[in-house]
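Chain order of the listed sequences is A and B. Be aware that the first sequence starts at 1, since it is given in this note's numbering, and climbs by one per residue. Be aware that the second sequence starts at 768, since it is given in this note's numbering, and climbs by one per residue. The structure under discussion appears below in the form of structure tokens.
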Amino acid sequence: MSIKGATHQDLAHDSAAKHVTGRAEYTDDIPEPGGTLHAYLGLSEVAHGRIVEMDLSEVLAAPGVVGVLTADDIPGANDISPTGLGDDPVFPEDSVEFHGQPLFAVVAESREAARRAATLAQVEIAPLAHVLDPVGAIEAGYPDVTAPLKLERGDVAGGLADSAHRIKGRMAIGGQDHMYLEGHIAFAMPGEDDDVVVYSSTQHPSEAQHMVAHVLGVPSHSVVVNVRRMGGGFGGKETQMNLFAAVAALAAKKWNRPVKIRPDRDQDMIATGKRHDFVADYEVGFDGEGRIEAVEGFFAARCGFSADLSGPVTDRALFHADNAYFYPHVRLRSRPMKTNTVSNTAFRGFGGPQGVIVAERMIEEIAYALGRDPLEIRKANFYRPGGDVTPYHQQVEDNILERIVGELEESSQYQARRQAIRDDNVRNGIIRRGIALTPVKFGISFTATWYNQAGALVHVYSDGSIMLNHGGTEMGQGLNIKVAQVVAEAFQVDIERVKITRTTTEKVPNTSATAASSGSDLNGMAALDACEQIKARLVDFACENRGIAADEVAFLPGRVKLGADEIGFDDFIRQAYMARVQLSAAGFYKTPKIHWDRAKGQGRPFYYFAYGAACSEVSVDTLTGEYRVDRVEILHDVGRSLNPAVDRGQVEGGFIQGMGWLTSEELWWDDDGRLRTHAPSTYKIPLASDRPRIFNVALAEWSQNAERTIKRSKAVGEPPFMLGISVFEAISMAVASVAGYRECPRLDAPATPERVLMAIERLKRER
Amino acid sequence: MSQIHITTTINGDETEYLCEADETLLDVLRDHLDMTGSKEGCGTGDCGACSVVVDGRLVCSCLMLAAEAEGRAIETIEGMGQGDQLHPLQQKFLEHAALQCGICTPGILVAAKNLLERNPNPSEEEVRYWLAGNLCRCTGYDKIIRAVMDTAADMRGAA
């Protein structure tokens, strides 16, 4: 008999039964106490300018309005910069820096009253020149929002000069809206003294706590932030919730009533940050076999008006501009550009995907230049013994791509299908097809080394039931069930005995964001540490009580072996309680081995790498540029999966989201800086109808983490996102077919049907 | 503004409420009737998170005025199971792990149930296009589509 719910088993999400019945409580579902007020933001309608006058008298006179909040109403610091740069005001004082910047909040008896009143403000802004894109920002002499990074190894100039072939190019890479189905929301309850409790849909409760305290001018101990679950996060709720939490708390303290703030979808999309758009310039030198000799890369990012997380995001773009390939000589530079747009932020992959896609573009360039299959060029450049050092001087020690790609090439029948597609395309049909097999290697750890720590709190109650709390947040990724599996296995009890509770700053302090795919790596280990502490006390108790040796005590499924005896777990816990054994522990974990010297651009920022590969086939209509994804095969590495059902879900969802980023999801600002794709009516994420006609997803079951991670599993949140690049590359092949594959189509992302059609027309003209 | 008195049927129970002329059915379900299973994802009928069935027709409750519910029969996620007994679709969504954050799940289940009532033997393509009005940002849809197909097969077998 084994326990129900151990690790490495398929288990449903812990809230699944509540999800399917509509009983899972999200922040907006929390019953509102009598007297609850509602806040709504008023936004700037100018992209850049000086605030001449803000007349809110009509707002204040509107029905149901209780008051307004502006910069003048902030008792503490008017800043919510997550990196302490002081460039992120709650509300601006003198000038506005993007179209859609929150200027004030209205607080009213109902949400509708607040929302209507917010439109009545008379704001006079003297416009200043504005810049919306990173290239324009460089040309206009705009500053970096945070320090750029350079990664360098070898002699780039010499390497390029000595190369048999050199290609230079530019690629524009679009951003992406998170489009979590649950938008931003914060609900604050005032308490006694300086206290306030905020319920919020945040991936980073500790930061929200610290920001609220900072803005209120009170110690962090006065503020509690709670989150039970989110309706999706994807990075969009890492820092962007801070403003909403701060506004709700400010209003709750000012009027001493509960205050909720929930923007509508349009305001959510207009006023909160997104994935960074990049323009990347590259030059690659290579030999006649397609082996890369040298790479020079320059990555300019649209960061928006403030730094937010743009530093680490643009750093991670450089960390992944090698994807899976060894560059003997390399120099990579970033420019995190200030622009008059919303401040861009974390989004699944955190800059990594923008680096990876540039690496894959260079592979494509080489393949078309030499008339080879891009997969052949990929394989020729994989990290290998003697060529295993990254541009940041970390050695790649755990590379399994050769096996992953080899197995996928075989199982997807890539070669035969590619040949059949080429044969088909030769017939000059209107519908052209393309196929691509692309790999991903993704570095796991926060590059801000101190973030790689986690805490957990485990209580065993005297009836043998267990309460689990950890610093991670649940946004649908199944973190809670995975950590609960770790705890159930540690004590050898059925998973029903382990209760998973909301994340709260009261139970685990100073947590890191649930981000960087790190949730189960960090929190699973912290929870295990807490369990091991309690178990050690229980073993000591058993030894003393029974006069047996420690190795005679064993936790068996639902029971405990004590020398020759066995008793039920619950009875054993009762005895331990009666003998005054402490049955609660705070666990802690910090990732070993990692270090990073940013000034030198050297270190080991990543504990390990996660790998995967996808093979995608598409059909493109060359008369309209429209396309569909016919077939996708994925083989992905999650080490020894803690929960294969949950992990497969992450792989599938990540792939589709990555595909959306590169195909249908287009952010479009007009010349005045207005975001024109600000709701699902105009911003198109993949639909059920877009799911690949054939979709086969497998985990590399033979893989286990070379490092001592929790149960030898690997992080899974972000890496599969980049598998969507295979769709982009397959579209590219179909486009290239109209010119006999002699030219790299150089598609920019997203490859909307419009862009695809333009590329087809261009190639036909140049043919 | 005077409120409007509405008598309607929700999940088989006769229900009365007072609403403002400009309140949506979704507002009333969530804010007045404490039926928070229907979610607001966009408020403009583009995401399907607020899907309900009105007189057998699938609608976005954010696009329907609460006052229009007079005399209608409304079905929401709260009425999908029978007490503790899950509807076969709900059961299959659990078995297939066809959800992640869960916030689109009620709307998708309501839409899928309505499909199977109209067409007990849908093709996979019909399922995919029927559910194209329900956005899901987490799952990639594969498990959802498989769960619906699997439920349809089971229900046909049982019938």
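Here a beta-carbon is modelled for each residue, glycine too, at the ideal position from N, C-alpha and C.
If you look at F244(A), you'll find it in the alpha helix (DSSP H) that goes 241–255.
Under the three-state reduction of DSSP output, T803(B) falls in the coil class, being neither helix nor strand.
Taken through DSSP and simplified to helix, strand or coil, Y325(A) comes out as strand. Runs of the beta strand (DSSP E) spanning 3 or more residues and lying entirely within the stretch 110–160 of chain A occur at 122–127, 150–153, in chain order. Flagged as an interface residue toward chain A: V894(B), by a C-beta distance shorter than 9 Å. Going by beta carbons, K714(A) and V738(A) fall outside the 9 Å limit.
Rounded to the nearest angstrom, the gap between the Cα atoms of G471(A) and T505(A) is 8 Å. For A300(A), the uninterrupted beta strand (DSSP E) segment begins and ends at 292–304. In the DSSP assignment, R433(A) falls within the beta strand (DSSP E) that extends over 431–444. For I912(B), the residues of chain A that pass the 7 Å Cβ criterion are A688, R691, in the order they occur in the chain. A contact between stretches requires three or more CB pairs, one per stretch, nearer than 8 Å, and the stretch 529–545 of chain A fails this requirement with the stretch 724–737 of chain A.
At a cut-off of 4 residues, the continuous stretches assigned as alpha helix (DSSP H) that sit fully inside the stretch 37–71 of chain A are 57–61.
Classified as exposed, K600(A) has fewer than 16 neighbouring CB atoms from the shown chains inside 10 Å of its CB.
Of all alpha-carbon atoms in P134(A), S703(A), T501(A), the one lying nearest the alpha-carbon of A456(A) is that of T501(A). Counting C-beta atoms within 10 angstroms of its own C-beta, I430(A) has fewer than 16 neighbours from the protein chains shown and is therefore classed as exposed. As for any alpha helix (DSSP H) of minimum length 4 sitting wholly inside the stretch 669–716 of chain A, there is none. Of M179(A), L250(A), R580(A), R166(A), the smallest CA-CA separation from V197(A) is found for L250(A). DSSP, reduced to helix, strand and coil, places K600(A) outside both helices and strands of the structure shown, so it counts as coil. The beta carbon of M733(A) is closer than 7 Å to those of G434, I435, A436 in its chain, skipping five residues each way along the sequence.
Taking CB atoms only, Q203(A) has no neighbour in chain B less than 9 Å away.
At a cut-off of 9 Å between beta-carbon atoms, D801(B) makes contact with chain A. Around the C-beta of M1(A), fewer than 16 other C-beta atoms lie within 10 Å, and the residue is accordingly described as exposed. A straight-line Cα-Cα distance of about 11 Å links V389(A) and Q602(A).
Against C809(B), the close residues of chain A are R265, A679, P680, in the order they occur along the chain (beta-carbon pairs closer than 7 Å).
For the options V735(A), D748(A), P753(A), the alpha carbon positioned closest to that of I760(A) is the one of V735(A).
A residue is called buried when at least 16 other Cβ atoms come within 10 angstroms of its Cβ; R115(A) meets this threshold and is buried. Per DSSP, the unbroken beta strand (DSSP E) holding I500(A) starts and ends at 498–500. Counting along the chain, E617(A) sits inside the beta strand (DSSP E) bounded by residues 608–621. Contact annotation: the stretch 228–242 of chain A touches the stretch 345–356 of chain A, with at least three C-beta pairs closer than 8 Å. For R648(A), at least one C-beta of chain B is nearer than 9 Å to its own C-beta. Going by DSSP, A840(B) is part of no alpha helix (DSSP H) but of the beta strand (DSSP E) stretching over 840–842.
Taking 9 Å as the CB threshold, K260(A) stays off the interface with chain B. Judged by DSSP in its simplified three-state form, D266(A) adopts helix.
Around C871(B), the beta-carbon contacts reaching into chain A at under 7 Å are L181. Around the C-beta of V426(A), fewer than 16 other C-beta atoms lie within 10 Å, and the residue is accordingly described as exposed. Restricting attention to alpha helix (DSSP H) runs no shorter than 4 residues, the stretch 818–880 of chain B encloses them at 855–862, ordered along the chain.
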